[in-house]
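Colleague: Before anything else, here's the structure in question.
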Amino acid sequence: MNIVDMHCDTISELYKRKKEGAPGSLRENGLHMDLGKMKKGGYLLQNFALFLHLPSFDNPLDGVLEMADLYYEELEKNADLIRPVTCWEDIESNRSEGRMSAMLTVEEGGVCMGNPAFLRTLYRLGVRMLTLTWNFPNELGWPNLEQPGEKDKKDFVPDFRKANNSQGLTETGFAFVEEMDRLGMIIDVSHLSDAGFYDVARAAKKPFVASHSNARAVCGWCRNLDDDMIRLLAQKGGVMGLNYCPAFLTDVAEGECAHGTIAAIVEHAKHIVNVGGSDCLGLGSDFDGIKTHEELPDASYIPLLADAFAKAGFTNTQIDKILFENVLRLYREVIG
Ligand SMILES: [Zn+2]
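Here this note's numbering = 1-based position in the sequence shown + 47.
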């Protein structure tokens, strides 16, 4: 097994714990993801996102730099098991030495406050993927959960099935896409509005990702991609990562709670491969950023997913592509 996963929020959870004075390390913790669970699950590479909830920070750069410090501190302590990577050769040399790899990503383009110098500084710090927006509008563009004109209404509850088709990237967002392409930083459209997705698809010269998004035809949340978007992402050589969040997997009646099943993940995989082909699908667990998936409660359970793919009729070649090859191909092409 060589599991490659494009998204988890474990570092942000550890950061939160540290701020609260609660113990927690990357090596061992009670979260979805730690090094012991990854080892048991057969991991080759994990993307560790620095996720920032923008309203909680006066200056988001402070937060992202503190989290990056925590990431490197944890990796230094655990260099026997895992090491940071910033290019393809790093991944290969870790693999040949029997170590896992960690890639640094940022989930919230607002940390750059629209300043390309901050984007380049994050690149120099080792960040190789940036999710342009989370669920708030920022200097770069609009997310899919913001519902324009309605957010100020009393008791506002966003409609998770209503995609934003009108507000995409800002001018600064387009400039960031160009600069990320030039630098070799992967553009991540998860959370971005539908209009923003199409702006990226038009403007990006290199393949891009939806690091943790499923298929909207299978589960109607607007965080998932519709078939047209899946086709376009695949045509551009991009990859989307299967998200294990129960709410993004299965439609349920209003007021009911979604339960996470492996069968639901397999349904999304089948649909995405049917629509976009075998080269556009990878993993993007969203571990430690989601409600626990009942059948994949942590990283050590991932072999069950591989078994389920085989039972569902995926070939070994297809399974390898989904578990690691597609994402590694994209990394090699984009980050070098
Ligand atoms: Zn997310």
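Idealized CB from N, CA, C, for every residue including glycine.
It should be emphasised that the depicted structure is a prediction, and the values quoted were computed from it without experimental measurement.
Is G336 a contact residue of ligand 2, with contact defined as CB to any heavy atom under 7 Å?
Modeller: This structure does not include ligand 2; its bound ligands are ligand 1.
Colleague: Could you have a look at V313 and say whether DSSP puts it in helix, strand or coil?
Modeller: Here residue 313 corresponds to residue number 266 of the sequence shown, with the count starting at 1. Helix, per DSSP.
Colleague: Any heavy atom of ligand 1 closer than 7 Å to the beta-carbon of D235?
Modeller: By 1-based counting over the sequence shown, the position of residue 235 is 188. Flag unset: Cβ of D235 not near ligand 1.
Colleague: Does the contact criterion of 3 or more C-beta pairs under 8 Å hold for the segment 303 to 314 versus the segment 275 to 283?
Modeller: No, because fewer than three Cβ pairs between the segment 303 to 314 and the segment 275 to 283 fall closer than 8 Å, the two stretches do not touch.
Colleague: Quick one: measure Cβ to Cβ for V247 and V224, integer angstroms, because I've assumed they're closer than 8 Å.
Modeller: Position 200 of the sequence shown, counted from the first residue, corresponds to residue 247. Position 177 of the sequence shown, counted from the first residue, corresponds to residue 224. Contact flag correct, Cβ pair sits at about 6 Å.
Colleague: Let me check understanding here. Comparing Cα to Cα, which of E380, N185, V132 and K358 lies closest to L107?
Modeller: Working through the sequence shown from its first residue, we reach residue 107 at position 60. With the sequence shown as reference, residue 107 is identified as Pro, and Leu is not the correct amino acid for it. Nearest C-alpha to P107: N185.
Colleague: Just reading off the beta strand (DSSP E) that D235 is part of, what are its end residues?
Modeller: In the sequence shown, counting from the first residue as 1, residue 235 sits at position 188. Residues I233 to D235.
Colleague: Using the beta-carbon count (16 or more within 10 Å), is V204 buried or exposed?
Modeller: Counted from its first residue, the sequence shown places residue 204 at position 157. The residue is exposed, with fewer than 16 neighbouring Cβ atoms inside 10 Å.
Colleague: Could you tell me the boundaries of the beta strand (DSSP E) in which I50 lies?
Modeller: Numbered from its first residue, the sequence shown carries residue 50 at position 3. It spans I50 to D52 - the beta strand (DSSP E) in which I50 sits, taken as one unbroken run.
Colleague: If distances are taken between C-alpha atoms only, which option among A355, N76, H100 and N363 comes closest to F183?
Modeller: Mapped onto the sequence shown, residue 183 falls at position 136. Comparing Cα positions, the closest option is H100.
Colleague: Taking the alpha-carbon positions, what's the Q365 to S325 distance?
Modeller: Within the sequence shown, residue 365 is the residue found at index 318, counting from 1. Within the sequence shown, residue 325 is the residue found at index 278, counting from 1. C-alpha separation (whole angstroms): 6 Å.
Colleague: Among L296, D228 and K124, which has the Cα closest to the Cα of Y378?
Modeller: In the sequence shown, the residue the question calls residue 378 occupies position 331. Here the closest residue by C-alpha is D228.
Colleague: What residue range does the beta strand (DSSP E) around M287 cover?
Modeller: Stepping through the sequence shown from its first residue, residue 287 is reached at position 240. Counting along the chain, the beta strand (DSSP E) containing M287 begins and ends at V286 to L289.
Colleague: Could you have a look at G68 and say whether DSSP puts it in helix, strand or coil?
Modeller: As a working mapping, residue 68 is identified with position 21 in the sequence shown. Residue state, collapsed to three classes: coil.
Colleague: Could you give the DSSP three-state label for F361: helix, strand or coil?
Modeller: Numbered from its first residue, the sequence shown carries residue 361 at position 314. Coil at F361, not helix or strand.
Colleague: Alpha carbon to alpha carbon, how far is V153 from V299?
Modeller: Start at 1 with the first residue of the sequence shown, and residue 153 comes out as number 106. Start at 1 with the first residue of the sequence shown, and residue 299 comes out as number 252. Those two C-alpha atoms are separated by around 31 Å.
Colleague: Consider the C-beta atom of E380 and the heavy atoms of ligand 1; say whether any pair is separated by less than 7 Å.
Modeller: Start at 1 with the first residue of the sequence shown, and residue 380 comes out as number 333. Every heavy atom of ligand 1 is 7 Å or more from the Cβ of E380, so no.
Colleague: Given a cut-off of 8 Å, decide if C269 and N191 are closer than it, judged by their beta-carbon atoms.
Modeller: The count along the sequence shown starts at 1 and reaches residue 191 at position 144. The count along the sequence shown starts at 1 and reaches residue 269 at position 222. Contact: yes.
Colleague: Within the chosen definition, does the segment 250 to 260 reach the segment 279 to 296 through at least 3 CB pairs nearer than 8 Å?
Modeller: With a cut-off of 8 Å, the segment 279 to 296 and the segment 250 to 260 count as touching, because enough Cβ pairs lie within range.
Colleague: Give the C-beta separation of N271 and F295 to the nearest angstrom, bearing in mind that I take them to be a contact with Cβ-Cβ under 8 Å.
Modeller: The residue labelled residue 271 in the question sits at position 224 within the sequence shown. The residue labelled residue 295 in the question sits at position 248 within the sequence shown. About 6 Å separates the two Cβ atoms, so the contact holds.
Colleague: State the Cα-Cα distance for the pair R74 and A149, rounded to the nearest angstrom.
Modeller: Translated into positions along the sequence shown, residue 74 becomes position 27. Translated into positions along the sequence shown, residue 149 becomes position 102. Taking the straight line from one Cα to the other gives about 13 Å.
Colleague: Closest to L112 by CA distance: which of V132, Y170, K84 and T133 is it?
Modeller: Numbered from 1 along the sequence shown, position 65 holds the residue referred to as residue 112. The shortest Cα separation from L112 among V132, Y170, K84 and T133 belongs to Y170.
Colleague: So, is M147 buried or exposed, given that buried needs 16 or more other C-beta atoms within 10 angstroms?
Modeller: Here residue 147 is taken as the residue at index 100 of the sequence shown, counted from 1. Buried.
Colleague: Is the beta carbon of H238 within less than 7 Å of some heavy atom of ligand 1?
Modeller: Locating residue 238 in the sequence shown gives position 191, where the first residue counts as 1. Yes, since a heavy atom of ligand 1 falls inside the 7 Å radius drawn around the Cβ of H238.
Colleague: Among the residues of its own chain, which have a CB less than 6 Å from the CB of T339, if the five just before and after it don't count?
Modeller: Position 292 of the sequence shown, counted from the first residue, corresponds to residue 339. Excluding sequence neighbours, T339 sits near nothing in its chain.
Colleague: Could you check if H259 belongs to the surroundings of ligand 1, using beta carbon to heavy atom distance under 7 Å?
Modeller: Residue 259 sits at position 212 when you count from the first residue of the sequence shown. It does: the Cβ of H259 is within 7 Å (strictly closer) of some heavy atom of ligand 1.
Colleague: Pick out the complete alpha helix (DSSP H) segments inside the segment 73 to 153, 4 residues or longer, and give them in chain order.
Modeller: Correct list: 82 to 88, 107 to 124 and 135 to 143.
Colleague: Can you give me the C-alpha to C-alpha distance between E60 and L216, rounded to a whole angstrom?
Modeller: Position 13 of the sequence shown, counting from 1, holds the residue named residue 60. Position 169 of the sequence shown, counting from 1, holds the residue named residue 216. E60 and L216: Cα-Cα distance of roughly 29 Å.
Colleague: Do you know how far the Cα of A316 is from the Cα of K63?
Modeller: In the sequence shown, residue 63 corresponds to position 16, counting from 1. In the sequence shown, residue 316 corresponds to position 269, counting from 1. Going from the Cα of K63 to the Cα of A316 covers about 33 Å.
Colleague: Given this structure, state the Cα-to-Cα distance separating A310 from G336, to the nearest angstrom.
Modeller: Locating residue 310 in the sequence shown gives position 263, counting from the first residue. Locating residue 336 in the sequence shown gives position 289, counting from the first residue. Computed Cα separation, rounded: 21 Å.
Colleague: Using alpha carbons as the reference points, say which of A250, M53, L128 and R208 lies closest to R263.
Modeller: Taking the first residue of the sequence shown as position 1, residue 263 is located at position 216. Looking at the Cα atoms, R208 is the closest of the given residues.
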